[in-house]
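**Student:** My structure is below; once you've seen it, I'll send some questions.
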Amino acid sequence: MRHRIAVVGGGPGGLTFARVLHRHGHPVAVLERDPAPEARPPGGTLDLHEGLGQLALDKAGLLAEFQALSRPEGQAMRILDAAGTVLRDWRPAPDERANPEIDRGQLRDLLLGSLDVRWGRAVTRVVPVPGEGVLVHFADGRPETFDLVVGADGAWSRVRPAVSPVTPQYTGVTSVETSLDDVDIRHPDLARLIGDGSVSVYGVNRSLVAQRNSGGHVKVYARLRAPLDWHAHLDLTDVEATRSGLLALFDGWAAPVRDLLGHGTAFAHRPVYVLPGSHTWAHVRGVTLLGDAAHLMPPLGAGANLAMLDGAELAEAIAADPENLDEAVRAFEEQMWARAASWSRITTAGLERLVSPDPAEALALFDQVQPS
Ligand SMILES: Cc1cc2nc3c(=O)[nH]c(=O)nc-3n(C[C@H](O)[C@H](O)[C@H](O)COP(=O)(O)OP(=O)(O)OC[C@H]3O[C@@H](n4cnc5c(N)ncnc54)[C@H](O)[C@@H]3O)c2cc1C
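Written out as C-alpha cells, the structure is:
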C-alpha cells in the first residue's frame with residue numbers, strides 16, 4: 003500500500019527525510035515555501051558530526067560525496083581574549099574527520115540531487131481530519147490531503163500547532179551577523195587571524211566569532227546578552243549606524259578583533275530562541291515534527307545534525323514497516339525526544355558559558371569538549 007506522505011520544509015531535516023525515503027522506494031511530496039533553491043542566502047557553514055549528520059548522510063547514500071565536498075581543515079578553532087591574546091589554537095590532524103565543515107548551499111544541493119521539490123508552496127496550517135487523513139492548507143492554491151505530514155519547517159513551524167501549543171522563547175542572548183568576502187585578498191590580516199576554521203573572542207557577556215566558509219567568504223557573529231529590543235535606537239538597515247553601534251558594544255577590545263566588524267556591508271539581527279528542552283506532545287495520528295520544529299535549541303553546532311538524523315531515522319522506520327505507519331511514527335517520536343532532550347541540555351548549558359559574565363567559562367568549555 004502506498005501512503006501519501008508530505009514533508010513541509012526543504013531544510014537539512016526535510017531533505018534528508020525525503021532523500022532516505024526515496025532511496026527506499028517511497029514517494030514523498032516536499033513542500034517548500036521558498037520559490038527556488040537560491041531564493042535567499044543559505045546561511046553559514048555547518049559542521050556535521052560523525053555520529054549525527056554524517057550518519058544521516060550515510061543512510062542517504064551520500065557520505066562519500068560529502069567527504070569529497072567538505073572541509074576537514076575548517077574544524078580549526080582559535081580562541082582569543084578581548085585583548086587579542088591567543089589562548090588556544092587548535093588544528094585538526096590531517097586525517098581528522100569528526101566534524102568537517104560544509105557550506106549550507108553545498109549540503110542543500112547534495113541532498114536535493116534529483117528530488118522533486120515543490121517550490122513556492124508555503125503551508126499555512128495542517129488539520130487532521132479523522133478517518134480521512136491530514137488536510138494541508140497553503141498560502142495560495144487548493145488544500146491537499148495526506149496520510150502523514152511531517153513538519154520540518156523550522157523554528158516558526160506552521161505544522162507544530164497541530165500537535166503542540168508550545169512556541170519558541172527568547173534566551174536573553176542575541177546575535178548580529180555580518181560577513182566578509184574575498185577575505186584572503188581583501189583583508190589578509192583578518193584572514194590570518196581567522197585561520198582555516200574559526201576564531202572566537204570572549205568578553206563579559208559578549209563574544210565575537212568569525213568562521214570561514216568556502217571561497218574566502220567569512221561569517222561574523224557578534225553575540226551579546228541583551229533585552230530583545232536592545233537595538234530600539236538603532237536602524238539595522240542603516241549599515242554605518244549599525245556598525246558604529248556594534249563597535250561601541252565592543253569598546254576596549256583589541257583593534258584587530260574589532261576590525262572583524264569593521265567591513266560588513268549588511269547586518270542581520272538573529273535573536274536566539276529555543277523550545278523547552280522537554281518539549282514533547284501527545285501523539286497525533288498523521289502528523290509529526292522533526293528538527294528545529296520539534297526541538298529548537300541554541301545554535302551550538304547540533305541543530306542541523308539532529309534534524310538530519312531525525313529525518314533519516316523517520317524515513318528508515320517508515321520504510322522498515324510501511325504497513326504500520328502510525329506505529330513507526332510513534333516509535334520515532336520517542337527516540338527523537340530522548341536524543342533532543344539530551345542535546346538541549348548540552349547546548350543550553352553551553353550558551354550560558356559562551357556568553358557569560360565570566361569569559362573564563364568559555365575557555366573551560368572549550369577545554370572540556372576539545373582537549374588537545
Ligand atoms: C548562526 C547559526 C549557526 C549554526 N551552526 C550550526 C552548525 O554548525 N551545525 C549544526 O548542526 N547546526 C547549526 N545551526 C542550527 C541549524 O541551522 C538548524 O538547527 C537547522 O537548520 C535545522 O534544520 P531544519 O531542517 O529543522 O529547519 P530549517 O533549516 O529551518 O529549514 C526549514 C525549512 O522549512 C521551510 N519553511 C518554513 N516555513 C514553511 C512553511 N510554512 N511552508 C513551507 N516551507 C516552510 C524553510 O524555508 C526552510 O527551507 C546553526 C544555526 C545558526 C542560527
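Using the numbering used here, the letters of the sequence shown correspond one by one to residues 3 to 374. Note that the Cβ used here is the ideal one computed from N, Cα and C, for glycine as well. None of the values given here were measured: they were computed from a predicted structure.
Around the C-beta of residue 7, are 16 or more other C-beta atoms found within 10 angstroms, so that it is buried, or is it exposed?
**Tutor:** Position 5 of the sequence shown, counted from the first residue, corresponds to residue 7. By the 10 Å Cβ count, residue 7 comes out buried.
**Student:** In or out: residue 280 buried (at least 16 other Cβ within 10 Å) or exposed?
**Tutor:** On the sequence shown, residue 280 is found 278 positions in, with the first residue counted as 1. Flag for residue 280 reads exposed.
**Student:** With residue 337 as the anchor, note down where its alpha helix (DSSP H) starts and where it stops.
**Tutor:** In the sequence shown, counting from the first residue as 1, residue 337 sits at position 335. First-last of the alpha helix (DSSP H) with residue 337: 327-356.
**Student:** Looking at the unbroken alpha helix (DSSP H) that takes in residue 213, where does it start and where does it end?
**Tutor:** Counting from 1 along the sequence shown, the entry for residue 213 is found at position 211. Looking at the DSSP string, residue 213 is not in any alpha helix (DSSP H); the run it does join, the beta strand (DSSP E), is 208-214.
**Student:** May I ask you to report which of helix, strand or coil DSSP gives residue 146?
**Tutor:** Stepping through the sequence shown from its first residue, residue 146 is reached at position 144. Reduced to three states, the DSSP call for residue 146 is strand.
**Student:** Would you mind reading off the limits of the alpha helix (DSSP H) that contains residue 82?
**Tutor:** For this step, residue 82 is matched to residue 80 along the sequence shown. Segment 79-83 is the beta strand (DSSP E) holding residue 82; no alpha helix (DSSP H) there.
**Student:** Give me whichever residues DSSP pairs with residue 196 in a beta bridge.
**Tutor:** Taking the sequence shown and counting its residues from 1, the one referred to as residue 196 is at position 194. Its beta-bridge partners do not exist; DSSP assigns none.
**Student:** Label residue 144 either buried or exposed according to how many other C-beta atoms from any shown protein chain fall within 10 Å of its C-beta, with 16 as the threshold for buried.
**Tutor:** Indexing the sequence shown from 1 puts residue 144 at position 142. Exposed, since its Cβ has fewer than 16 Cβ neighbours within 10 Å.
**Student:** Looking only at DSSP bridge pairs, what is residue 7 linked to?
**Tutor:** If you number the sequence shown from 1, residue 7 lands on position 5. Paired residues: 150.
**Student:** Within 10 angstroms of its Cβ, does residue 335 collect 16 or more other Cβ (buried), or is it exposed?
**Tutor:** One-based indexing of the sequence shown puts residue 335 at position 333. Buried.
**Student:** Is the CB-CB distance between residue 203 and residue 210 below 8 Å?
**Tutor:** Position 201 of the sequence shown holds residue 203. Position 208 of the sequence shown holds residue 210. The answer is yes: Cβ separation under 8 Å.
**Student:** Check whether the Cβ of residue 272 lies closer than 7 Å to any heavy atom of ligand 1, and answer yes or no.
**Tutor:** The residue given as residue 272 occupies position 270 in the sequence shown. Yes, Cβ of residue 272 sits closer than 7 Å to a heavy atom of ligand 1.
**Student:** Identify the residues that DSSP records as bridge partners of residue 130: which are they?
**Tutor:** For the purposes of this step, residue 130 is taken as the residue at position 128 of the sequence shown. Paired residue(s): 136.
**Student:** Rounded to the nearest angstrom, what separates residue 109 and residue 76 at their Cα positions?
**Tutor:** One-based indexing of the sequence shown puts residue 109 at position 107. One-based indexing of the sequence shown puts residue 76 at position 74. Roughly 15 Å between the two C-alpha positions.
**Student:** With DSSP run on the structure shown, which of helix, strand or coil describes residue 205?
**Tutor:** Looking up residue 205 in the sequence shown gives position 203. Three-state result, residue 205: strand.
**Student:** How long is the line joining the alpha carbons of residue 233 and residue 226, rounded to whole angstroms?
**Tutor:** Locating residue 233 in the sequence shown gives position 231, counting from the first residue. Locating residue 226 in the sequence shown gives position 224, counting from the first residue. Taking the straight line joining both Cα atoms gives about 12 Å.
**Student:** To the nearest whole angstrom, what separates the beta carbons of residue 345 and residue 308, a pair I think is in contact under 8 Å?
**Tutor:** Within the sequence shown, numbered from 1, the residue matching residue 345 stands at position 343. Within the sequence shown, numbered from 1, the residue matching residue 308 stands at position 306. Confirmed, Cβ separation roughly 6 Å.
**Student:** Taking residue 74 as the reference, which of 58, 51, 60, 88 has the closest Cα?
**Tutor:** Position 72 of the sequence shown holds residue 74. Cα-wise, what sits closest to residue 74 is 51.
**Student:** Rank 290, 168, 266 by C-alpha distance to the C-alpha of residue 181 and give the top, closest one.
**Tutor:** Counted from its first residue, the sequence shown places residue 181 at position 179. Here the closest residue by C-alpha is 266.
**Student:** Ignoring anything shorter than 4 residues, give me the alpha helix (DSSP H) runs that lie fully in the region 220-271, in order along the chain.
**Tutor:** Qualifying alpha helix (DSSP H) stretches, in chain order: 241-251, 257-260.
**Student:** Does the region 305-319 come into contact with the region 16-35, if we say contact requires no fewer than three beta-carbon pairs (one atom in each stretch) closer than 8 Å?
**Tutor:** Touching, yes, given that three or more Cβ pairs across the two stretches are closer than 8 Å.
**Student:** Counting Cβ pairs closer than 8 Å, one from the region 45-59 and one from the region 170-178, do we hit at least three?
**Tutor:** At 8 Å Cβ cutoff, the stretches do not touch.
**Student:** Would you call the region 145-155 and the region 284-300 touching, i.e. three or more CB-CB distances under 8 Å?
**Tutor:** They touch, by the three-pair rule.
**Student:** In angstroms with no decimal places, state the Cα-to-Cα distance between residue 84 and residue 195.
**Tutor:** In the sequence shown, the residue the question calls residue 84 occupies position 82. In the sequence shown, the residue the question calls residue 195 occupies position 193. Taking the straight line from one Cα to the other gives about 14 Å.
**Student:** Compute the distance between the beta-carbons of residue 113 and residue 17, then report whether it is under 8 Å.
**Tutor:** Position 111 of the sequence shown, counted from the start, is the residue given in the question as residue 113. Position 15 of the sequence shown, counted from the start, is the residue given in the question as residue 17. Yes, the pair counts as a contact, with Cβ atoms nearer than the cut-off.
**Student:** Excluding five sequence neighbours on each side, which residues of the same chain lie with their C-beta closer than 6 Å to the C-beta of residue 100?
**Tutor:** Within the sequence shown, the letter at position 98 stands for residue 100. Closer than 6 Å at the Cβ level, and outside the excluded window around residue 100, lie 52.
**Student:** Comparing the CB of residue 170 with every heavy atom of ligand 1, is any distance shorter than 7 Å?
**Tutor:** As a first step, residue 170 is located in the sequence shown; it is residue number 168 there, counting from the start. Residue 170: no, Cβ never under 7 Å from ligand 1.
**Student:** If contacts are defined as beta-carbon pairs under 8 Å, then residue 140 and residue 125 qualify, I think. What distance do you get, rounded to the angstrom?
**Tutor:** The residue labelled residue 140 in the question sits at position 138 within the sequence shown. The residue labelled residue 125 in the question sits at position 123 within the sequence shown. Residue 140 to residue 125, Cβ: 6 Å. Contact.
**Student:** Going by the DSSP bridge assignment, what does residue 104 pair with across the sheet?
**Tutor:** Working through the sequence shown from its first residue, we reach residue 104 at position 102. DSSP lists 48 as partners of residue 104.
**Student:** Would you mind reading off the limits of the beta strand (DSSP E) that contains residue 91?
**Tutor:** Taking the first residue of the sequence shown as position 1, residue 91 is located at position 89. Where residue 91 is concerned, the enclosing beta strand (DSSP E) stretches over 88-92.
**Student:** Could you tell me the distance, in whole angstroms, from the CA atom of residue 20 to the CA atom of residue 30?
**Tutor:** Position 18 of the sequence shown, counted from the first residue, corresponds to residue 20. Position 28 of the sequence shown, counted from the first residue, corresponds to residue 30. So the alpha carbons of these two residues sit roughly 6 Å apart.
**Student:** Any heavy atom of ligand 1 within a distance shorter than 7 Å of the CB on residue 142?
**Tutor:** For the purposes of this step, residue 142 is taken as residue 140 along the sequence shown, with counting starting at 1. The answer is no for residue 142.
**Student:** Is residue 102 near ligand 1, in the sense that its beta carbon is under 7 Å from a heavy atom of that ligand?
**Tutor:** Here residue 102 refers to the residue found at position 100 when the sequence shown is read from its first residue. No, the Cβ of residue 102 stays beyond 7 Å of every heavy atom of ligand 1.
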